[in-house]
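Residue numbers (this note's numbering): -8 to 229. Think of the CB as a built atom: it goes at the ideal place given N, C-alpha and C, for glycine as much as any other residue. Predicted model only: the values in this text are computed from it and were never measured. Reviewing the structure listed below.
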Ligand SMILES: [Zn+2]
Ligand SMILES: [Zn+2]
């Protein structure tokens, strides 16, 4: 499998429970040979994260650090009812949005309800992929999820942090073993990210790579094996 050239889901100090600055994230990315990173602070709903005014000021954020191209997005919470925790005005300030379920602002709705809520969020034009769709804490109907991703032009993430901290995402390995072959069957792109909360984890895709190689995933299926393909997917209207 080709090397991954970008990592587009990570958090800086601004998310309130992470440990590095954007400059430290970029420096580590440069050391690991990445061409691009995306910093994706949590949206409201995760305690201690940035006030939405941060997202309105992304226009002032540096676009190149340590020789690494910088994008700025947000990991926005999926709420019960299929709503997102950031309004469209702020979503429009982002390079791209990730939608994901977090227990700080979500009550498990069962497999059908969870899947419906995720698919409703995929419909937002700014949402380009779903973070860590992998936990038994909020089970998902994988055939329906992958079909929803296909219909909405959304990618599904394989999250290296889930694999590294499996106690926080119970069942994630078995769930990826279900989800990934369905993506291959239906032609839904995968994106591999570290979800680093410390600069030391940026660009370390070891566990995700092992799993994907074992499942026989081709390079073409993975967005971040090709910089232009990735930028096209994240930055162009779907
Ligand atoms: Zn998350
Ligand atoms: Zn995250």
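Quick check on the burial criterion: 16 or more other C-beta atoms within 10 angstroms. Buried or exposed for residue i?
i: residue 124; result: buried
i: residue 34; result: buried
i: residue 182; result: buried
i: residue 228; result: exposed
i: residue 204; result: exposed
i: residue 117; result: buried
i: residue 0; result: buried
i: residue 216; result: buried
i: residue 226; result: exposed
i: residue 152; result: buried
i: residue 197; result: exposed
i: residue 156; result: exposed
i: residue 231; result: Past the edges of the chain, shown from -8 to 229, lies residue 231, and the structure says nothing about it.
Looking at ligand 1, does it come within less than 8 Å of residue i, judged from the CB to the closest heavy atom?
i: residue 93; result: yes
i: residue 205; result: no
i: residue 126; result: no
i: residue 211; result: no
i: residue 186; result: yes
Can you name the residues that DSSP bridges to residue i?
i: residue 59; result: 56
i: residue 68; result: 91
i: residue -3; result: 27
i: residue 15; result: Bridge partners of residue 15: none, in fact.
i: residue 148; result: 182
i: residue 121; result: 90, 147
i: residue 75; result: 69
i: residue 213; result: 181
i: residue 33; result: 66
Nearer than 8 Å: is that true of the beta carbon of residue i relative to any heavy atom of ligand 2?
i: residue 8; result: no
i: residue 159; result: no
i: residue 177; result: no
i: residue 31; result: yes
i: residue -2; result: no
i: residue 74; result: no
i: residue 81; result: no
i: residue 1; result: yes
i: residue 265; result: Outside the shown range of the chain (-8 to 229) lies residue 265, about which nothing can therefore be said.
Within the same chain, show all residues whose beta-carbon is closer than 7 Å to that of residue i, passing over the 5 residues directly before and after it, in chain order.
i: residue 150; result: 122, 123, 125, 184, 186
i: residue 17; result: 28, 56, 57, 59, 61
i: residue 134; result: 173
i: residue 84; result: 46, 47, 49
i: residue 104; result: none
Can you round the beta-carbon distance between residue i and residue j to whole angstroms, since I take them to be within the 8 Å contact cut?
i: residue 67; j: residue 75; result: 5 Å
i: residue 143; j: residue 175; result: Actually they are not in contact, since the Cβ atoms of residue 143 and residue 175 sit about 18 Å apart, beyond 8 Å.
i: residue 218; j: residue 26; result: 5 Å
i: residue 72; j: residue 108; result: 7 Å
i: residue 170; j: residue 137; result: 7 Å
i: residue 41; j: residue 77; result: Not quite, the Cβ-Cβ distance comes to about 11 Å (not below 8 Å), so this is no contact.
i: residue -3; j: residue 221; result: 6 Å
Ordered along the chain, which non-local residues of its own chain (more than five positions away) have a Cβ less than 6 Å from that of residue i?
i: residue 96; result: 36, 68
i: residue 87; result: 64, 119, 225
Which same chain residues end up closer than 8 Å to residue i when comparing Cβ atoms and leaving out the 5 residues on each side of it in sequence?
i: residue 58; result: 21
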